[in-house]
Amino acid sequence: MNTQIINKILRSKAGLGALILRVPLGIILIAHGSQKLFGLFGGYGLQGTGQFMESIGFAPGYLMALLAGSGEFFGGLALVLGLLTRPAAIVTAFTMFMAMTVHIGNGLFVSNNGYEYALLLAIASVALIAQGAGTFSIDNKLANRLEKSS
Numbered sequence: 056m057n058t059q060i061i062n063k064i065l066r067s068k069a070g071l072g073a074l075i076l077r078v079p080l081g082i083i084l085i086a087h088g089s090q091k092l093f094g095l096f097g098g099y100g101l102q103g104t105g106q107f108m109e110s111i112g113f114a115p116g117y118l119m120a121l122l123a124g125s126g127e128f129f130g131g132l133a134l135v136l137g138l139l140t141r142p143a144a145i146v147t148a149f150t151m152f153m154a155m156t157v158h159i160g161n162g163l164f165v166s167n168n169g170y171e172y173a174l175l176l177a178i179a180s181v182a183l184i185a186q187g188a189g190t191f192s193i194d195n196k197l198a199n200r201l202e203k204s205s
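Per the numbering used here, residue 56 is the first one in the sequence shown, and the count goes up by one each step.
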């Protein structure tokens, strides 16, 4: 595998700011994914979320619930760990932009079931795509190891 490509994916000089952004973002995404996948935190699990997804035009609903829940849960876990942060952030940003399509007709404000919350999570994910995981991450340790071995 080309070490330059891997290094571009892993390497980040973002420092502490990336850690401060990615850990809470990851925790929020893990919680939301847990609602969809496992029915935790008042969620409806795959069956209920799948029925909802189907009702709003995301079909097949069960598969869409599995994809959205997995993107949030596993993407969030990767963000917390700082492991493959840029690819994980691409997945979470895409998932949140899709979530915005559900809420866009209600306007901006979450008090009206609007899209502001999904937008904030999407933009935070986009920031991590741009800056990477930062110094305090598994990505950075992997990049350092890769650099030493080449």
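Note that CB positions come from ideal geometry on N, CA and C, so glycine has one too. This structure is a prediction, so every number in the text was calculated from the model and none was measured.
For leucine 71, same chain residues with a beta-carbon under 8 Å away, outside a window of 5 residues either side, are Gly189, Thr190 and Phe191 in chain order.
Contact annotation: glycine 88 and phenylalanine 149 have beta-carbon atoms that are not nearer than 8 Å. With fewer than 16 other Cβ atoms from the protein chains shown falling within 10 Å of its own Cβ, glycine 162 counts as exposed. Between arginine 200 and threonine 140, the C-beta spacing is not below 8 Å.
Distance from the CA of alanine 154 to the CA of threonine 147, rounded to the nearest whole angstrom, comes to 10 Å.
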